[in-house]
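Residue numbering for the sequence shown follows the working numbering, starting at 2 and increasing by one per position.
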Amino acid sequence: MDVDEPVDVPDLWFPDGNIVLLAGNCRFKLYKGILASRSAIFRDMLSLPAPQPGMQPIEDDASFEGCPVVVLHDDEKHATHFFKAMFIPRYLPQFPQPTKLERILSCLRMSHKYDVEYLQVDALTHLSSAFTTKLANASICSWKDEISPRFEIKDVLDIIVVADKVNAPWVLPGALLSLATALHRQSAVSQPTEYHEPSEVLETIPFALRRPFFRWLTTGRARAAERILTFVSKPVGIDDCCGTDDTNCRWLRLWATGALVPHSLENDRHPLENPSLTEKTWAQLLTGICAHCSATLKEKYQENREAEWERLPSAFGLGSWDQLEALRKSALAED
């Protein structure tokens, strides 16, 4: 068989279908009526004597098995996930049922392009589940287990590109934070499995985000971590210290600052991504410090994280979390 001959996708080749769609090397035999009822773009295209730009007949009288043939200028993998989500029940289940990132991103790209509103909302809901706008929220992510607890650079790059394409800016601060962490982790490994040149990563992300992301990657990330970790030494004195010698608590905290900041910056996760230091770290940090000062330090850690979280969107030129949350609620049709 000719290697260039289109391949019929079994799950999307209906014998009584009445239109053939071709994307890449994959061919789908589907139903005009269903496509038109779910996609405004397909509805308009099918109501005209000739398809719209980007969806052209192979020839003026092209047909296959008696059906008109339309070529889509889309990636065959994206098209396959998209049509399966439209024609196969629960292929992209509703949140919070688990699914896969590849399906989410393909469906999001295609539903945005072809104006399939319900599918775009479903895919956006899944994607947004990993990127809360509120630091205190314990989000239920429907897909991150496959790459948890770490993002791979390729995955998070795809997320950033698609989120920007479909106007989902509330996803971007958390995704850019994760991308910086993934690049930092890569640089700390002597022989990473798959190396991504930082300059190539910068060229991949949307143009408007390149400069602020570069600033965050080179200086902003470390400075944010340092501001969070000042909880150890500031304030210098803690009221109601119950130690035998408050000076002792004070000096122990100052000593811990010098050890904790480098440790955090060398760690896989930024303090913004780490709701709590490990028990081992807390044990080392709080050795010799009184119970009251210990409790105060844990509270201060969270306060500093909250303050730095509020700064995060503006670091990338994305406004405030309140603005992004309003956009998220509007896009997902939440009250």
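Backbone N, C-alpha and C define an ideal beta-carbon position, used for all residues, glycine too.
Practice task
Could you please give the first and the last residue of the uninterrupted beta strand (DSSP E) stretch that includes Val-162?
Solution key: No beta strand (DSSP E) contains Val-162, which is instead part of the alpha helix (DSSP H) from 154-166.
Practice task
Please classify Phe-65: does DSSP put it in a helix, a strand, or coil?
Solution key: If DSSP states are grouped into helix, strand and coil, Phe-65 belongs with the strands.
Problem - Through-space distance from Gln-187 to Thr-134, alpha-carbon basis - result: Looking at the two C-alpha atoms, the distance is approximately 26 Å.
Handout entry: Close Cβ partners of Pro-97 (< 6 Å) along its chain, the five nearest in sequence each way excluded
Key = Around Pro-97: Ile-141, Ser-143.
Exercise for the section: Grab me the residues of Glu-147's own chain with a C-beta within less than 8 Å of its C-beta, minus the 5 sequence neighbours each way, in chain order. Expected result: Note that Glu-147 has pLDDT 47, beneath the 50 cutoff, so the model's placement of it is unreliable and the number below is only indicative. Same-chain partners within the cutoff: Lys-101, Leu-102.
Practice task
Can you tell me which of the three DSSP states Asn-19 falls into?
Solution key: Assigned with DSSP and collapsed to three states, Asn-19 falls in coil, not helix or strand.
Exercise for the section: Please determine if the region 70-80 and the region 18-28 are in contact, where contact requires at least 3 C-beta pairs separated by less than 8 Å. Expected result: Touching, per the Cβ criterion.
Handout entry: Same chain only: Cβ atoms within 8 Å of His-127, ignoring 5 sequence neighbours per side
Key = The residues are Leu-93, Phe-96, Thr-100, Ile-105, Ser-143, Trp-144.
Problem - Minimum length 4: unbroken alpha helix (DSSP H) runs contained in the region 87-131 - result: Within the region 87-131, the complete alpha helix (DSSP H) runs of at least 4 residues fall at 102-114, 118-129.
Problem - For Leu-273 and Asn-305, the rounded distance between their alpha carbons - result: Asn-305 and Leu-273 have their C-alpha atoms spaced approximately 9 Å apart.
Practice task
Pull up the distance between the alpha-carbon of Gln-285 and that of Pro-213, whole angstroms please.
Solution key: Their Cα atoms are separated by approximately 35 Å.
Problem - Nearest neighbour of Ala-332, chosen from Arg-39, Gly-318, Arg-270, Val-167 [CA to CA] - result: When only C-alpha atoms are compared, the closest one is Val-167.
Handout entry: From Ala-176, Met-111, Val-71, Ser-64, residue whose alpha carbon lies closest to that of Ala-86
Key = Comparing Cα positions, the closest option is Met-111.
Handout entry: Candidates Glu-118, Gly-289, Pro-276, Phe-65: closest to Leu-369 by CA position
Key = Shown here, the chain extends from 2 to 336; a query on residue 369 therefore has no answer.
Exercise for the section: Give me the Cα-Cα distance between Lys-30 and Gly-221, rounded to the nearest whole angstrom. Expected result: Between the C-alpha atoms of Lys-30 and Gly-221 there is a straight-line separation of about 51 Å.
Handout entry: Counted within 10 angstroms of its Cβ, other Cβ atoms place Leu-13 as buried (16 or more) or exposed
Key = By the Cβ neighbour-count rule, Leu-13 is buried, with 16 or more other Cβ atoms within 10 Å of its own.
Problem - Contact belief for Phe-1 with Ser-107 at Cβ below 8 Å, rounded distance in angstroms - result: Nothing can be reported for residue 1, as the shown portion of the chain is limited to 2 through 336.
Handout entry: Residue range of the unbroken alpha helix (DSSP H) whose run includes Lys-299
Key = According to the DSSP assignment, Lys-299 belongs to the alpha helix (DSSP H) that extends over 292-316.
Exercise for the section: May I have the straight-line CA-CA distance separating Trp-256 from Gly-175, to the nearest angstrom? Expected result: Taking the straight line joining both Cα atoms gives about 32 Å.
Problem - Between the CA atoms of Ala-41 and Arg-91 - distance to the nearest angstrom - result: Here the C-alpha atom of Arg-91 lies approximately 22 Å from the C-alpha atom of Ala-41.
Problem - Boundaries (first-last residue) of the beta strand (DSSP E) holding Asp-12 - result: Run containing Asp-12: 8-14, per the beta strand (DSSP E) assignment.
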